[in-house]
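Trainee:
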Amino acid sequence: MDQAQDKEIRKKQKRQSVVNAIATGVVIAGILIITTLWVSNRSQTATGQAVNQVSEFYLEELAGRRVQVVSEELKNNFAYIENVLGILDESNLKSQETLRSFLGKAERLYSLDKFALVDENGIVYTEHSTVSGLSRYNFLSQELTEPVITTANLYGAKKQVILAVPVENIVFQDSRINVCFIQLNIDEMLSSLTLQTGENETYCSLYHRNGEDLTNGDFGNFKAGNNLLSALSDMEIDKGFSYGEMEEEFENGKTGQISFKHLGLRETLCYVPVEDTNWMMTILVRDNVIFDQISSISADMMRRSIIQIIIIVMVMLVIFLVLIYQSRRNASILLAQEKADGDRIRSAFAQIEKEQAAMENIHAAMGSGLWSMEFNEKAEMISCNWSEVFRNMLGYASEEEFPNRIESWSDLLHEEDKERVLKEYWETVTDYSGEKTYNVEYRLSTKNNGWRWFHAAGRLSRREDGSPITFVGLFVDIDDEKKLEETLERQKVDLEDALAAAQHANKAKTTFLNNMSHDIRTPMNAIIGFTSLAAAHIENRVQVQDYLSKITTSSNHLLSLINDVLDMSRIESGKVKIEEKETSLPEIMHDLKTIVQADITSKQLEFFIDTADVINENVLCDKLRLNQILLNLLSNAMKFTKPGGMVGVRIVQKGNAPEGWAAYEFQIKDTGIGMSQEFLEHVFEPFERERTSTVSGIQGTGLGMAITKNIVDMMGGVISVVSEEGKGTTFTVSLRFRTCSGPVAQDVVPELKGLRALVADDDFNTCSSVTQMLSTIGMRPDWTTSGKEAVLRVKLAVEQNDEYAAYIIDWLMPDMNGIEVVRRIRGLIGNDKPIIILTAYDWSDIEDEARKAGVTAFCSKPIFLSELREILESPFAVKDTEERDLNDEVSFQGKRILLVEDNEINQEIALEILQEAGFLMDVADDGSIAVDKVKNAKPGWYDLVLMDIQMPIMNGYEAAKKIRELDNKELSGIPIIAMTANAFDEDRKAAFDAGMDGHIAKPIDIPKLMELIRDILK
Amino acid sequence: MNLWKNKRKIAVLFLCTIGLSGCGTKTDGEGFKDTEQEQVLYHQNGSDSLGNESVVKFDHELDEYKPLKSKYNFYFTYKTVHPWWDAVALGMEDAAKQFEEKGIIIDYEYLAPDSASARDQVGRLRDASGRNFDVIGVDVADVEVVSPVINELVDDGHKVMTFSSSDASKEDGCKRIAYVGNTHNYEDGADLTEALCEKLGYQGKVAILVGTKGAPCHEDRALGAKDVIGKYPDMEIAETAYDEDTVELAYEFTKKFLEEHKDLAGIVCCNMSNPVGAARAVIEAGREDEIVIVGMDHDQEALRYLRDGIIYALGIQDCYSIGFDTVQVAVKIADGQLPGEGYPEKTQEITTIIYEDTAAEVLQTLYGEFK
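One line per chain: the protein sequences are H and B, in this order. Mind the numbering: the first sequence is residues 12 to 1029 in the numbering used here, read in order. Mind the numbering: the second sequence is residues 16 to 386 in the numbering used here, read in order.
(1) So, is H/PRO654 buried or exposed, given that buried needs 16 or more other C-beta atoms within 10 angstroms?
(2) Between which two residues does the beta strand (DSSP E) carrying H/TRP672 extend?
(3) Reducing DSSP to helix, strand and coil, say where H/GLU396 ends up.
(4) What do you reckon, are the CB atoms on H/VAL1035 and H/THR594 nearer than 9 Å?
(5) Could you confirm whether any beta carbon from chain H is found closer than 9 Å to the beta carbon of B/ALA111?
(6) For chain H, is any of its Cβ atoms less than 9 Å away from the one on B/ILE365?
(7) May I have the straight-line CA-CA distance separating H/LEU1023 from H/PRO825, to the nearest angstrom?
(8) Under 8 Å, with one C-beta from each stretch per pair, do the stretch 762-772 of chain H and the stretch 807-821 of chain H reach the 3-pair mark?
(9) Following the continuous beta strand (DSSP E) through H/PRO479, name the residue where it begins and the one where it ends.
(10) Anyone know if the C-beta pair for B/LEU238 and B/ALA328 falls short of 9 Å?
(11) For a contact meaning CB atoms closer than 8 Å, what does H/ALA235 contact in chain B?
(12) What does the alpha-carbon distance come out to for the pair H/LEU922 and H/GLY798?
(13) Flag this pair as yes or no: are the beta carbons of H/THR226 and H/LEU201 separated by less than 9 Å?
(14) What number of angstroms, rounded off, separates the C-alpha of H/ALA851 from the C-alpha of H/ILE620?
(15) Near B/ALA143, which residues of its chain fall below 6 Å by C-beta distance, leaving aside the five closest residues on each side in sequence?
(16) Would B/PRO82 pass as an interface residue toward chain H - the criterion being a Cβ-Cβ separation below 9 Å?
(17) Whole-angstrom Cβ separation of H/VAL663 and H/ALA648, contact assumed at under 8 Å?
(18) Against H/LEU145, what residues of chain B qualify as contacts under a CB-to-CB distance less than 7 Å, listed in chain order?
(19) With a 10 Å radius around its C-beta and 16 neighbouring C-beta atoms as the bar for buried, classify B/VAL231 as buried or exposed.
(20) Closer than 9 Å, Cβ to any Cβ of chain B: which residues of the stretch 180-196 of chain H, in chain order?
(21) Is the separation between the beta-carbon of H/VAL911 and that of H/ASP936 shorter than 9 Å?
(22) Determine whether the beta carbon atoms of H/ASP773 and H/LEU823 lie at a separation below 9 Å.
(23) Between which two residues does the beta strand (DSSP E) carrying B/LYS361 extend?
(24) Given 8 Å as the limit, is there contact between the stretch 355-369 of chain B and the stretch 199-213 of chain B, that is, 3 or more CB pairs closer than that?
(25) Sort H/SER112, H/ASP476 and H/ILE847 by Cα distance to H/SER102 and report the nearest one.
(26) What number of angstroms, rounded off, separates the C-alpha of H/TYR254 from the C-alpha of B/ASP149?
(27) Apart from the five residues just before and just after H/ILE679, which ones in its own chain have a Cβ nearer than 6 Å to its Cβ?
(28) Can you pull the chain H residues whose beta carbon is under 9 Å from the beta carbon of B/ALA345, in chain order?
(29) Within the stretch 102-167 of chain H, note down every full alpha helix (DSSP H) run reaching 4 residues or more, in order along the chain.
(30) Helix, strand or coil for H/LYS250? Go by DSSP, reduced to three states.
(31) Within 10 Å of its beta-carbon, does H/LEU879 have 16 or more other beta-carbons around it, so buried, or fewer, so exposed?
(32) Counting only Cβ-Cβ distances shorter than 8 Å, please list the residues of the stretch 133-159 of chain H near chain B, keeping chain order.
(33) Contact criterion: CB-CB distance below 9 Å. Does B/GLN379 meet it with respect to chain H?
(34) Have a look at H/MET384 and H/ASN341 and give me their C-alpha separation to the nearest angstrom.
(35) Which of the three DSSP states is assigned to H/SER745 in this structure?
(36) Roughly how many whole angstroms lie between the Cα atoms of H/GLY275 and H/ASP298?
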């Protein structure tokens, strides 16, 4: 084909293209015009139908909203009335002026036409007037029992809405106010509900259900005052509506609509009942208003559409032709460019493949796995790709095992990391600002190696709007590094803990040393100071005695401090053990009482000690420690209670112990200085002392309570404290012990059954517990807290010939001394019946006088059931519970003691004390000398050996053992008492294990030493 | 007698004539409108509409007078609790509101007993005299009983006026300062009876229901009625009864009239309640086509009977204007103005006689009621 032919063909093609383009344009234009006309026509028809339907909904909605407004308005106004009545008070009802002022304020506050009160005579009070209202306001003709909404229509006045409520409890000028009402302008209420824009009007009005007009204005073409139902009955009603139906609905207060022709206009009326009234809200709209408007809009729209389409078609044709021309011109250029681009792309792809291969090699070498994800415009993931390297890192060999899904990875995340990692992931993906970088460390479950740590980092490429396109990143296995980090972290924490512990220990040591330095130096200062003073005034006997007394006090304090510190130290180091032995609680309580007796007397304290419900008197417990607890608490109570105050101890058996166990509550109560609430929180901490106790000069180590608490803890018990400053303190120790014998016999004593007994004690608790015990053994007890009343009761019983068979009388009662009570009772009953004096005090001083007054026996508090039983079972051979065996007294005169002591000063002190007591003394400087002396002595030469423990050459234990091993039984059986500064329990135990008979700790407590020697020599 | 059938134009002409002829004229007062020379009575008949005129003038505005004080306190007492005086109260209320808009506060009491009692009224007046009111107003229940007390109060320095429908004038020996209200009760009674007589063709028996014995307005109307009937030889007063201005008594008396006077042709009613009671009894007896009833005032039920042809004519007093002008005059009296200085001694209010043809319009005007 030559060039001319080719040109001709191209020309023809060109012409054909233009023709085709024009034809296509014309066809498109035609189609568009026809379609537009058809659509417009259809839309007009559909619009008409839609308007009907919509206007129905619209009207109902419109009416419904207005009804809500009216209802709300009415409710609000009722609320206003309630509000106003709520604030009406006596001051407003003082006079006509005050009431009028109040009513005026109410009117102005709520913008009301009238706010009025009506009294029982029908007088209506308003801001400016007081008028007779019975004939004017119909609703006043009968008693108002509930709120009323009514209308007033009087003599040409505009119609008014009246809201009235019944009122109670308001009296004005001797007349009861019965009603409160407000008057609203109904037209004002409706004015905001009518929509009017030019000639397009929607009318709104209110009617009674009987059709009577409630308003003062016209309603569309309905004149004001016309009865709506009557007016409608003459109208031409549209098809599909019925007047009868409408009338029924209207009268029954139902929502509905009706369309009709009125004065040549087609109108639609919608009616809706107003809540809580017999009113109907009516909305009237004229159909032509809507139709005309819509038809006009529709025709205008159609015209505009046709013009628009023609212009578009013309423009399209021009653009089409220009494009054809331009495209042909560019085609050849593009062809050449495409060829060149193709070459470049192929070359680029080859380069990329090469780089990808290199990258994969690098990842494999570095142990890092590549991953990538693609997202659509909605940020939804459309693909996910895990590299083979990553799969291999997790132990998976193929895509079948580890598919390209996000769940393949997320399901393997460790539970502790999952939430954090996924949150980080999604925050990165959804961060359209592109600022966030994905960089996390987490654990994944690998196929063969359990959990391993990985580090993942990635970045997103994003669209212009910020939505994600591609998310590419790397995984790196950091498990080894992580584990190393964890190990280091652990070591660091351990080191820090150790450091903290060391620092704490150091601090504790410093604190301890500070405390000790202070607490030891204080008594030491006194000892040294008074010793110097005594030396300076050695000639002045009285002064020296005073100094020595103070030295003794300070020494005792120093000793108790040392004892406490050592005790505390031993408790804390776990050296103290609880040793359970059969123990008699009565014995403990009596011992306790005996120990504190002297202090109680010297401090002039009132002392109560009693029991309640104790039926298990023998238990397995560490008597020593229990004693220590009670003594500590009791000592504290005495220490912090001023003379004249009260200290009391009570033991109560609780019924909550399992079988074979008994639970007790030891209550130690005082009326002392008490403790502050702040101090109470630290009372059981070592070295804690209430500020007031230090200021008041009461000595103490601050360790007693800590020791007590520790011992209680060790015994598995609980200690609690209740205290109030200035009122006193009560410590309660709850302990549980195994019982070692059954309960005390609780059966009735036949000889006493039914006999009367009288208990007189000013302590109610004692009366209560003793009375209960007496009942248990079958007696008929009476009790009184008054000595005088006790005498009266006895007198009455004698007169009634129903005498008491036994009398238990407290020694110290406030209104009459127990001895006097006994004397008087004896005067009434003679000498037959037993009278027992029950007391917490030492009665030795008054015993003679008491016996002369007629006391049969003395009984020490606290009294236990077994003791009471024992006394009363043989009341007629009563003996004292604490009868003294005077024959047991031992004389020390001529008794010989071998003192084994290496320290010369201690030797001197002991020799002085014992020689003064009448002993003949011999001394050995160490154990071996002592053994020799005993061995070589005649049997009976030495009556006793006092053995120190820590001595050179041979210690006390070994010496004792050697003595016990002597062949001569008389010599080997000599009593040996350890007299040592080794004062702990284990030292005591070691002494006994070595065969010694007793143990006394240094420094020597002389009375204790004498008592021990007496006991052993007995 | 053709006057009663004239159109509105004639009525106005009649009124102008009366006005021009002067009934106790006073023309020197400035700032007050209703004086004795003004219209006294409208008669409406044969007109479809009241046109621009109304039986009640609701478009009152205060005159130019500037009160001296910013606050007044009045006491008004009237015969009995009754809707008629409620209409007066509306006029008072509106006057007080208009004063309030000008910054002048009118406080007032407007009280009455449940049934008319001159003794009760005297008690109320004496009580009010001790309460420091600026002006005391009274609608006189009984001239003879109340006048001496009014005089006592005036002698003690109190300012006392009369209002509403019953005056106690100087002629009665009363020292009250001024009166606002109906000054033509006799004429009202006479005119209504004249209309009745014409309707009956000037023959037949007529009964009169007066109202409260001693109440000047009721007695005056009854007197007017009696004088008119007395003029016609073929007419006769069958009976006169005092119904205490109550519907119930009026009903009972009418029943009695109908039973005892089978040839009874008409009933003249002199207060607001008795046309209602009379109409009820006539309807009950089924004799509404035989008995012609004329009566007073604007009771809604009575207006309905008028509209429905049971009652023949009603004389409607402009109660609203009475109330409005009473307050306006009271302010001037309180300020120390004397009659003639800013207000007449008697401020007269109109009465309009209406018939069936305009009853519906009046019902609409006064009560907004359409059939």
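Note that the Cβ used here is the ideal one computed from N, Cα and C, for glycine as well.
Mentor: According to the structure data:
(1) exposed
(2) 672-681
(3) This sequence places Asn at residue 396 of chain H; Glu is not what is there. Reduced to three states, the DSSP call for H/ASN396 is strand.
(4) Lying before the first or after the last residue shown, residue 1035 of chain H is absent from chain H, which here runs from 12 to 1029.
(5) yes
(6) no
(7) 39 Å
(8) yes
(9) 479-488
(10) no
(11) GLY383
(12) 53 Å
(13) yes
(14) 7 Å
(15) TYR90 and ILE151
(16) no
(17) With 8 Å as the limit, H/VAL663 and H/ALA648 do not qualify as a contact, their Cβ atoms being about 17 Å apart.
(18) VAL96
(19) Val is not the amino acid found at residue 231 of chain B; the sequence shown has Pro there. Its Cβ being crowded by 16 or more others within 10 Å, B/PRO231 is buried.
(20) none
(21) yes
(22) yes
(23) 361-363
(24) yes
(25) H/SER112
(26) 60 Å
(27) LEU644, LEU645, ALA648, VAL660 and PHE742
(28) Chain H residues near B/ALA345: none, gap ~13 Å exceeds 9 Å.
(29) 107-121
(30) coil
(31) buried
(32) GLY133, ILE134, HIS139, SER140, THR141, VAL142, SER143, LEU145, SER146 and ARG147
(33) yes
(34) 38 Å
(35) strand
(36) 12 Å
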